[in-house]
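> Under UniProt numbering, the first residue of the sequence shown carries the number 1, and numbering increases by one thereafter.
One structure follows; several queries about it will come next.
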Amino acid sequence: MTLPVTAKVPFGGDYNPEQWPEDVWKQDYRLFDAARIDLVTVGVFDWALIQPAEDTYDFALLDRIVERAAAEGRGICLATGTGAHPPWLAKAYPEVTRTDFEGRKHRFGQRHNSCPSSPVFRRLSAELARRVARRYADDPAVVAWHVGNEYGGACYCDLCAAGFRDWLRHRYGTLDELNAAWYATFWSHTFTDWEQIEPPSALTEHWRGPDHTAFQGITLDYLRFTSDAMLTNFRDEKAAIRESSPDLPVTTNFMGMYRPIDYHRWAEHLDFASWDNYPPDDGSAARMALTHDLIRGLKDGQPFWLMEQTPSVTACRDVNPLKRPGLMRLWSWQAVAHGADAVLFFQLRASRGASEKYHGAVIGHAGRSDTRVFREVAELGAELDRLGPASLGARTPARVALLFDWDSWWALEISDGPSRLVRYQQVVLAYHRALWDAGVDLDVVAVTADLSRYEVVVAPALHMIKADLPQRLEAVAARGGSVLTTYLSGRVDENDQAFLMDVPGPLGQLTGVRVDEWDARGPEVVNPVRLGTGADQVDVEARLLFELVVPQGAEVLGTYQADFYAGTPAVTRNSFGAGDGWYVAAGLDQAGVSWVVRQVLARHDVLGPYPDVPDLESAVRVAPDGSRLLFLLNHRAEPVEVAARIGGVDLLTGDRTETGSALRLPAYGVVVMREDR
């Protein structure tokens, strides 16, 4: 079993009744009834309550919380309580707290403050998970286990230094191999003893911050080690849970495109993926779609849980915009459209104090049910009831893949040159935006993923090339597919060492180009690029990076218009087998990226039903019974009307639409149509 067993898309979220007297619980469940809330996530930060001292465990309060939720007919996502360690633990074992990048040893406080390499932390966190699971494993209301909470951060203490050395021994075996991988002859860095290796920090290899390192090899490996160290913490707790709960699914809540942790390295250890969606503004629809697809891609297309979102506002940013009327509903359905099999909130009742007292909640401080936010939540709950089990287990029939690689992200952004202004995430977002605008159903996958089922593979800023990826990309093109990659791709191997060959390295044969030079400039410098030929020409802008391309068989489809390299290629297409390898050598603006992507897609029947209707998002999921669900989401604050491409029934309203008839979506409107077979 990998997914929780539920009768419909679970609706609810983080609930913290331990913060309230029990007479408030009665009010809460009355309001939960009104809002159709059927699942609660409990116990996330209960370590100090469950274990008030090292040798004392007290489950009385959690017992009442679990019993009440079960008696009220709610499903439970039960946390292990290890989201933050208790004060007594830091006092008794000071080594449990982290040492930061600047070398400062922290004392008790905040939440992400546990050293992942601490034997004491590992032992006690696993023991708490063990006891929680043993106590509640047979409770039929518990549908899933929730380990930790939003893993993140880094530690640079002596325990982590020792753990890093052990990790390196396992990875490289010998110091000779390590020195070769790190190019240690540079700046007299050759190591002759494992104990000479220090974590890369502000006290050792770094200057101006975590992205400015004199020795990329060690910094890259420390990023990998830190991700793996926290994964070990997760695996400790999961193993403890499995002793008494061998089948119930286990997850932890990810944070989307979160740079410090390589979620692809974690994916196989989760039974199902889940994540917390907190967009920074009202205009993040495409960004959210990308992240939903990334999380779904972690488990080879298996549905995921939207574990957290705010019903109204966040509280952690300098400025916390309110979700406009209709946006919470729209964005919730967007998650379902992209593979979410749960829609959950943080938080169900607003905290009275501390840092999240102004964070949005389904139930505010006054406990009212007549607020706009509560009404919208209740209306969404009713819609999810009407949807029933229709979307559970449904998958996305993607024929387009977007490659996302944490190693390339890390290596590109810790590199000295060509430009610190080129940010991996921004490049990926631009190419995804072009696919999103075209209505393409796509998977966002790791570079290790099986690419045989895709007709188009888009690989922006594929800086690091690992293992047999070039051959697998060539195979896509050889059988008639299209592969698109960009500037700063094919530069380094898995050890962040430059290939001793023409750029783009092992991608050169596929792309049919050679890059001898590159020109990095500030954002104020624009080099126009002319795309296309004849009457179809379009002029766009390029910024930040301009590679100077020498075609090696590739056809030129775009040229620079300024500087000494005016007239040279900026966009190329190379025939390879029955397909193509595309290369974009410049930091094109969104219009330019979209033009190129549409050219790539033109050979393949992968466009959505409304690729030319701005901000009308479409997505398809195919249910286990073979029925197709078409999701249409209007991200505009005004109505939109289109002609139905296929007939079907809107599962939210019961209304039937015939092929070719008018289909009207109000501002921020949603249609979930079960298409006619």
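Backbone N, C-alpha and C define an ideal beta-carbon position, used for all residues, glycine too.
(1) Kindly confirm or deny that the region 281 to 293 and the region 214 to 233 touch, where touching means at least three C-beta pairs closer than 8 angstroms.
(2) Based on Cα-Cα distance, which residue from S114, T533 and L327 lies nearest to D100?
(3) Suppose the cutoff is 6 angstroms on Cβ atoms and the five residues either side in sequence are ignored; what does the same chain contact list for T219 look like?
(4) For S452, name the three-state secondary structure that DSSP assigns.
(5) On the DSSP letters alone, give me the boundaries of the beta strand (DSSP E) that D676 sits inside.
(6) If you measure between the beta carbons of G329 and E243, is that distance less than 8 angstroms?
(7) To the nearest angstrom, how far is it from the Cα of T174 to the Cα of T190?
(8) Would you report the Cα separation of V597 and Y156, rounded to the nearest angstrom?
(9) Using DSSP with H/G/I as helix, E/B as strand and the rest coil, what is H292?
(10) So, helix, strand or coil for E268, using DSSP?
(11) State the start and end residues of the unbroken alpha helix (DSSP H) segment that holds W207.
(12) In or out: G73 buried (at least 16 other Cβ within 10 Å) or exposed?
(13) Cutting at 6 angstroms between CB atoms, please list the residues of its own chain near G360, excluding the five before and the five after it.
(14) Report, in whole angstroms, the separation of the C-beta atoms of A461 and L488, which I expect to be a contact under 8 angstroms.
(15) Tell me, please, whether the region 117 to 125 touches the region 57 to 66 by the rule of three or more beta-carbon pairs shorter than 8 angstroms.
(16) Please report the straight-line C-alpha distance between D176 and A335, rounded to a whole angstrom.
(17) Near V606, which residues of its chain fall below 6 angstroms by C-beta distance, leaving aside the five closest residues on each side in sequence?
(18) Specify the secondary structure class of W595 as computed by DSSP and reduced to three states.
(19) Do V132 and V250 have their beta-carbon atoms positioned less than 8 angstroms apart in this structure?
(20) For L663 and A644, which I take to be in contact (beta-carbon distance under 8 angstroms), what is that distance rounded to the nearest angstrom?
(21) CB R513 to CB V529, shorter than 8 angstroms?
(22) Since E356 and A315 are thought to touch, with beta carbons under 8 angstroms apart, how far apart are those beta carbons, to the nearest angstrom?
(23) Using the DSSP secondary-structure output, state which residues sit across from N634 in a beta bridge.
(24) Short check: CB of residue 695 to CB of W275, under 8 angstroms?
(25) With 16 as the cutoff for other CB atoms within 10 Å, does L203 come out buried or exposed?
(26) With a threshold of 16 other CB atoms inside 10 Å of the CB of H365, please say whether the residue is buried or exposed.
(27) On the DSSP letters alone, give me the boundaries of the alpha helix (DSSP H) that A412 sits inside.
(28) Residues in its own chain within less than 6 angstroms of L270 by CB, not counting five upstream and five downstream?
(29) Roughly how many whole angstroms lie between the Cα atoms of E237 and V40?
Looking at the coordinates:
(1) Cβ pair count under 8 angstroms is below three, so no.
(2) Looking up residue 100 in the sequence shown gives position 100. That would be S114, whose Cα lies nearest to the Cα of D100.
(3) In the sequence shown, residue 219 corresponds to position 219, counting from 1. Only P200, T213 and I414 meet the Cβ criterion.
(4) Here residue 452 corresponds to residue number 452 of the sequence shown, with the count starting at 1. Here DSSP, grouped into helix, strand and coil, assigns S452 to coil.
(5) Locating residue 676 in the sequence shown gives position 676, where the first residue counts as 1. D676 -> no beta strand (DSSP E), and no H or E assigned at all.
(6) Along the sequence shown, read from residue 1 onward, the residue named residue 329 stands at position 329. Along the sequence shown, read from residue 1 onward, the residue named residue 243 stands at position 243. A quick correction: the sequence has Arg, not Gly, at residue 329. At a Cβ-Cβ threshold of 8 angstroms, R329 and E243 do not count as neighbours.
(7) Mapped onto the sequence shown, residue 174 falls at position 174. Mapped onto the sequence shown, residue 190 falls at position 190. Near 13 angstroms, if we compare the C-alpha coordinates of T190 and T174.
(8) As a position in the sequence shown, residue 597 is number 597, starting the count at 1. As a position in the sequence shown, residue 156 is number 156, starting the count at 1. Cα to Cα, V597 sits roughly 43 angstroms from Y156.
(9) By one-based count along the sequence shown, residue 292 stands at place 292. In the structure shown, H292 sits in a helix (DSSP, three-state: H, G or I).
(10) Here residue 268 refers to the residue found at position 268 of the sequence shown. If DSSP states are grouped into helix, strand and coil, E268 belongs with the helices.
(11) Position 207 of the sequence shown, counted from the first residue, corresponds to residue 207. That residue, W207, is in no alpha helix (DSSP H); it is neither H nor E in DSSP.
(12) What you label residue 73 is simply residue 73 of the sequence shown in a count that begins at 1. Flag for G73 reads exposed.
(13) On the sequence shown, position 360 is the one that residue 360 refers to. So the qualifying residues of the chain are T310, P311, S312 and V313.
(14) Taking the sequence shown and counting its residues from 1, the one referred to as residue 461 is at position 461. Taking the sequence shown and counting its residues from 1, the one referred to as residue 488 is at position 488. Contact between A461 and L488 holds, with the beta-carbon distance rounding to 5 angstroms and staying under 8 angstroms.
(15) The region 117 to 125 makes no contact with the region 57 to 66; the number of CB pairs closer than 8 angstroms stays below 3.
(16) For the purposes of this step, residue 176 is taken as the residue at position 176 of the sequence shown. For the purposes of this step, residue 335 is taken as the residue at position 335 of the sequence shown. In this model, D176 and A335 are separated by some 48 angstroms (Cα to Cα).
(17) Indexing the sequence shown from 1 puts residue 606 at position 606. Listed in chain order, the non-local C-beta contacts of V606 below 6 angstroms within the same chain comprise R399, V400 and V440, local neighbours out to five positions each way being set aside.
(18) For the purposes of this step, residue 595 is identified with residue 595 of the sequence shown, where counting begins at 1. Reduced to three states, the DSSP call for W595 is helix.
(19) Along the sequence shown, read from residue 1 onward, the residue named residue 250 stands at position 250. Along the sequence shown, read from residue 1 onward, the residue named residue 132 stands at position 132. No. Outside cutoff.
(20) In the sequence shown, counting from the first residue as 1, residue 663 sits at position 663. In the sequence shown, counting from the first residue as 1, residue 644 sits at position 644. Correct: roughly 5 angstroms between the Cβ atoms.
(21) As a first step, residue 513 must be located in the sequence shown, where it is residue number 513. As a first step, residue 529 must be located in the sequence shown, where it is residue number 529. Arg is not the amino acid found at residue 513; the sequence shown has Val there. Their beta carbons are not under 8 angstroms apart, which means V513 does not touch V529 by this criterion.
(22) By 1-based counting over the sequence shown, the position of residue 356 is 356. By 1-based counting over the sequence shown, the position of residue 315 is 315. Your pair E356 and A315 checks out as a contact, with CB atoms roughly 6 angstroms apart and the cut at 8 angstroms.
(23) Reading the sequence shown from its first residue, position 634 is the one you call residue 634. Bridge partners of N634: L616.
(24) In the structure as shown, the chain starts at 1 and stops at 677, and residue 695 therefore has no counterpart that could be examined.
(25) Position 203 of the sequence shown, counted from the start, is the residue given in the question as residue 203. Exposed, since its Cβ has fewer than 16 Cβ neighbours within 10 Å.
(26) In the sequence shown, residue 365 corresponds to position 365, counting from 1. Label assigned to H365: exposed.
(27) As a position in the sequence shown, residue 412 is number 412, starting the count at 1. Correcting the residue type first, residue 412 is Leu in the shown sequence and not Ala. Run containing L412: W406 to E413, per the alpha helix (DSSP H) assignment.
(28) Stepping through the sequence shown from its first residue, residue 270 is reached at position 270. Beyond the five residues adjoining it in sequence on each side, L270 comes within less than 6 angstroms, by CB distance, of T251 in the same chain, given in chain order.
(29) As a first step, residue 237 is located in the sequence shown; it is residue number 237 there, counting from the start. As a first step, residue 40 is located in the sequence shown; it is residue number 40 there, counting from the start. CA-CA distance, E237 to V40, rounds to 21 angstroms.
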